[in-house]
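In terms of the working numbering, the sequence shown opens at residue 141 and continues consecutively.
Even for Gly, the Cβ is constructed at its ideal location relative to N, Cα and C.
Step one of this worksheet: look at the structure below.
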Amino acid sequence: MRLTVLGPVRVWRDGIELTLGPPKQRALLALLLVRAGQPVSLSEMVDVLWGPAPPKSAANVVHRHVGSIRRLLGEGGPAGVAGGILVRGAGGYRVDVDAGALDLLRFRQLAGQARRAAAAGSPGRSVELFLQALELWQGPVAAGVPEGIRAHPAFVAVDQEYPAAVKEAAEAAWERGDPEQAVPVLRQAADRYPLDEALQARLMRALAATGRQAEALEAHRTLRSRLKEELGIDPGREVRAVHEQMLRQGSPILPVSPATPPPVPRTPGLRSGVRPAQLPSDLPFFTGRRAELTRTRELLAVPAGEPGMHESPPALVISAIGGMAGIGKTTLAVHWAHQVAHHFPDGQLYANLRGFDPAGSVTSSGEALRAFLHALGVPPTGIPAGVDAQAALYRSLLSGRRMLVLLDNVRDSAHARPLLPGTPGCLVIVTSRSRLDGLIVADGARPLPLGLMSKADAREALARRLGADRMAAEPSAVDTIIELCGRLPLALAVVAARAATRPGFPLAAIATELRDSAGSLDAFAGSDPGADVRTVFSWSYQALDPPAARLFRLLALHPGPDLSLPAAASLAGLPAVETRPLLAALTRLHLLTEEAPGRFTFHDLLRTYATERARADDPDDIRRAARHRVLDHYLRTTRAAVQLLLPHRTEHVPPPPSPPHTAPEHLTTQEHAASWLTTRLPVLLCAVEQAAATGFPTYAWQLALALDLFLDRRGLRQEQLTIQRTALDAAERLPDRLGQAHAHRALGFAHHRLHQDDDAQAHLLRALEIFTALDRRDGQARTHRSLAFMANSQARHHQALDHYGQALDLYESTGNDSGRANVLNETGWTHILLGQFGEALIQCRQALAVHQRAGDPNGEAAAWDSLGYAHHHLAQYEDALACYHNALAIYQDIKDRYLEADTLDHIGDTHHALGDRRAADARWRQALDILAAMGHPDAVPLLDKIHGTTTGPR
């Protein structure tokens, strides 16, 4: 007999789940289970089931339900229990079972052992036991029982044991020095108990300690808002203490660690103490690979029977896991990485390099390096130009650290080599479909070739997904399925998914369908026709109805790593309401994966198969039309998002005509626009490259132009250079001189941001030449402003004024009031740099008036901020504060978080000049809160101010 109450109330006898009867009977059983071992009186049963006004028949109904429950449970109990399970004694009825039969008792048993381990000074063992205990919870106590009954103290008291255990697990993990262990249960508990401040404080602390500072700050903001809205209170002392520590340190809170690595030399702008934890989740269905895991222990000199290693490796250890696609390289690598991650206290880095992406969306070594540098705390402005310089900085940051690096799906040895650390103490795991002979010969990598699963492991993998009972009923069919899947893990997973969605379908029939399927993936064909991945893929594909099959083929044409429902709808040329069920059909058959809500991705092999099907089944014009639709979708959505975020700041370039049956995503707020641009940015960067490579050059340069200002605000200079070079090449091949001019201007500004002023000057002058030849005066004016910006940074302020004067004349000739006001404000700023504060006030006031007439709130706020800056330098601090507060109100109203933080920074400077350090610190911390959540490099100077390293305006 097995009973559960930590979640739905369920009972199994001899492996068969029993039907528990009507709701009141189920509720009564739940009450008896939560009070297991204790008598429950008749009056208490009546009170729980009916409350203060029970019917006259209540006692008779209870006796009838008790009789039914006794018959349901049977006369005998589980092993070790004398007599029946439901026992009548003095004081009422009690359920008499041991911890092996009831999940609640097992939970309490494990939790008690965990507390004793913690008291004995064994936090590691304590965490393990707490996590085992918490795994027993499948939802709220007695889930499915009416809420009115579950509100009784008998159930509420048990429900509170869950968050209490989570908090204790978090404390044990913290004491051990590995808070990452408790993050998953903390997240789950925090979602269920959003107002539990002690729980939320531990989640924030663990997130910050594992390198997720922005997420920790977001959790604090969410809690603060929820407490204010629902309870009308502010966070308590414990939450405030954690938040204060995050802000004071300006970096993740570090747990106590048994070993502290040598200090890493400070890089300008680097946030110290960052501990990335980037490993993907371990696969819950992982089975087998015992021989390979034994080899990994030998590789790290780990004694047999130990799950990991005792010390960091004395030298740099590189393991190259190789094998065919779908063989389970990534699954094994991730599983192994999770086993040994706690022996690398400085964190884990992960990158999917997409070395065999059929769409050409390979993640370059440079892109991966920049992502790793970001994860290690280097702001965009601190990343040098060029892969060699970036690799050198990366190796410097890892020097003296014990870090685990997982490089997944690399193309070849050269693809992985720039991402290798240069000093001992790290473990690098590399997976690839290719043999990495270069790494093995030149870099000392240890090869770990991965073969097919054994028959026993394949059977275990199917049993995990289909259930042992179904497998035992048809052993011959199971053997046939394993044989025809070629013991390939990915193929087995697809077949198992198909069988699981048809629980009444005999496995023998599935084996027959698989045997009768035709076709093969040429790259993975073997002497045994059963070991053929395409057979499995085509079988699943043929199970689709024609609209879903068509969508499957077209999705292979999508740029970038993942896509949304609206993008899929544009690819298919269908309304979203018709596309959604097609995506659901693909995910059900594991032909598509929903990585996050509303975001879908292919496995590499499935994308290859879809590409082949599209080439075979869809003519060139059909595929070209689909690409046209999705590129149009991304161009128009990007333009709409940037217009929402930065009105009056976008270039007025007419887009190409839209093809039929495509539409942009509907973005309604600035928050939505910013979120869309941020999450879709990898896809948009790939879309620029795909547009240029597949015959859509106008989309390439216009999409790059639309992204220019957003990338600049985020400090993503390398990405700016990459797509603008592509844009320039596309515009030159058309030829489209307007596109060339815009690309030259954007390239010039990006080069200047990277302090490559010779290249910047050349591009900007070429842009000015083309804009002038085309008589595109707004383009000329924008280029003069870029030249002026560069001149100011080089202290050539009078030359900057000359450029601003020409820009002003050009904007006046076109009647562009917003552009003219921007120039007036920028001219005023230049006068501030010259120390001519009176002239600055004149220029900025003119800018303010024009922006107000033009209805440009962003520009108006910028003018108020400049006026405040001028007043500050004139020591007119009260006037400065008045101007700054006008700017702040507008930025908050239009939801421009970056410039809101910038103005808060200025307000803090003025309070500091007035001698009010407390007010200054409060404003700087508000600004830091915003910038840290954005991951913006401007957070670093603010930390210096807060810590007293620097003061005053920047």
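query: Rounded to whole angstroms, what's the CA-CA distance from H450 to D761? Just pull it up for me.; result: Confidence is the limiting factor: at H450 the pLDDT is only 41, short of 50, which leaves the residue's position unreliable and the question unanswerable from this model.
query: For S616, tell me which candidate among R316, P646 and A633 has the shortest Cα-Cα distance.; result: P646
query: What do you reckon, are the CB atoms on R638 and L729 nearer than 8 Å?; result: yes
query: Decide if H773 is buried, meaning its Cβ has at least 16 other Cβ atoms within 10 Å, or exposed.; result: buried
query: For T1050, which residues of its own chain have a beta-carbon under 6 Å away from its beta-carbon, when the five flanking residues on both sides are left out?; result: H1012, Y1017, A1020 and L1021
query: Might you give, ordered along the chain, the residues of its own chain that have their beta carbon closer than 7 Å to the beta carbon of R917, omitting 5 neighbours on each side?; result: L950, S953 and T954
query: Once DSSP output is grouped into helix, strand and coil, what is the label at D760?; result: helix
query: On the DSSP bridge list, what partners appear for V545?; result: L489 and V568
query: Which partner residues does S933 have in the DSSP bridge list?; result: Note: S933 sits in no beta bridge, so no partner.
query: Hey, how far is the Cα of L821 from the Cα of G562?; result: 31 Å
query: Kindly give me the distance between the Cβ atoms of V457 and L439, rounded to whole angstroms, as I take these residues to be in contact under 8 Å.; result: 7 Å
query: Looking at the structure shown, is I622 part of a helix, part of a strand, or coil, going by DSSP?; result: helix
query: Going straight from the alpha carbon of D609 to that of L711, what length do you get?; result: 43 Å
query: Output yes or no for whether 8 Å exceeds the beta carbon distance between L878 and L824.; result: no
query: Going along the chain, which unbroken runs of the alpha helix (DSSP H) with 4 or more residues stay wholly within the stretch 800 to 875?; result: 810 to 833, 837 to 854 and 857 to 873
query: Please check the pair L964 and Q986, which I expect to be a contact at CB under 8 Å, by giving their CB distance rounded to whole angstroms.; result: 5 Å
query: Between A990 and the rest of its own chain, which residues show a CB-CB distance below 7 Å, the 5 nearest in sequence each way excluded?; result: Going by the sequence as given, residue 990 is Val instead of Ala. Answer for V990: D957, R960, A961 and L964, listed in chain order.
query: DSSP state of G214, grouped into three classes?; result: coil
query: Tell me the rounded alpha-carbon separation between D243 and L357.; result: 36 Å
query: Can you tell which of E308, A310, L367 and E355 has the C-alpha that lies nearest to the C-alpha of E1097?; result: In the structure as shown, the chain starts at 141 and stops at 1094, and residue 1097 therefore has no counterpart that could be examined.
query: Using DSSP's beta-bridge definition, name the partner residues of V151.; result: L143
query: May I have the straight-line CA-CA distance separating A803 from P875, to the nearest angstrom?; result: 28 Å
query: Return helix, strand or coil for F130, following the three-state DSSP convention.; result: No answer is possible for residue 130: the residues shown for the chain start at 141 and end at 1094.
query: Does the pairing of the stretch 467 to 478 with the stretch 522 to 530 give three or more beta-carbon distances under 8 Å?; result: no
query: Where does the unbroken beta strand (DSSP E) through I523 begin, and where does it stop?; result: Premise fails: I523 is in no beta strand (DSSP E) and is neither H nor E.
query: Can you tell which of P629, A613 and V635 has the C-alpha that lies nearest to the C-alpha of I621?; result: V635
query: Return the residue from the list I863, P794, D897 and Q783 that minimises the CA-CA distance to I1036.; result: Reading off the sequence, residue 1036 comes out as Asp, not Ile. Closest by alpha carbon: Q783.
query: Mind checking who R458 pairs with in its DSSP beta bridge?; result: Before going further, note that residue 458 is Ile rather than Arg in the sequence given. Paired residue(s): V568.
query: Of the residues L423, P787 and L722, which one's Cα is nearest the Cα of H475?; result: L423
query: Comparing the CB of G591 with every heavy atom of the ligand GTP, is any distance shorter than 7 Å?; result: Here there are no bound small molecules, and the ligand GTP is not part of this structure.
query: Whole angstroms are fine: how far does the CA of V323 sit from the CA of Q340?; result: 11 Å
query: Kindly indicate which residue of A683, L560 and H203 has the alpha-carbon position closest to the one of I650.; result: A683
query: Rounded to whole angstroms, what's the CA-CA distance from L948 to L973? Just pull it up for me.; result: 19 Å
query: Taking the DSSP output, what are the residues bridged to A283?; result: P148
query: May I have the straight-line CA-CA distance separating T834 from Y534, to the nearest angstrom?; result: 34 Å
query: Between which two residues does the alpha helix (DSSP H) containing R586 stretch?; result: No alpha helix (DSSP H) contains R586, which is instead part of the beta strand (DSSP E) from R586 to P589.
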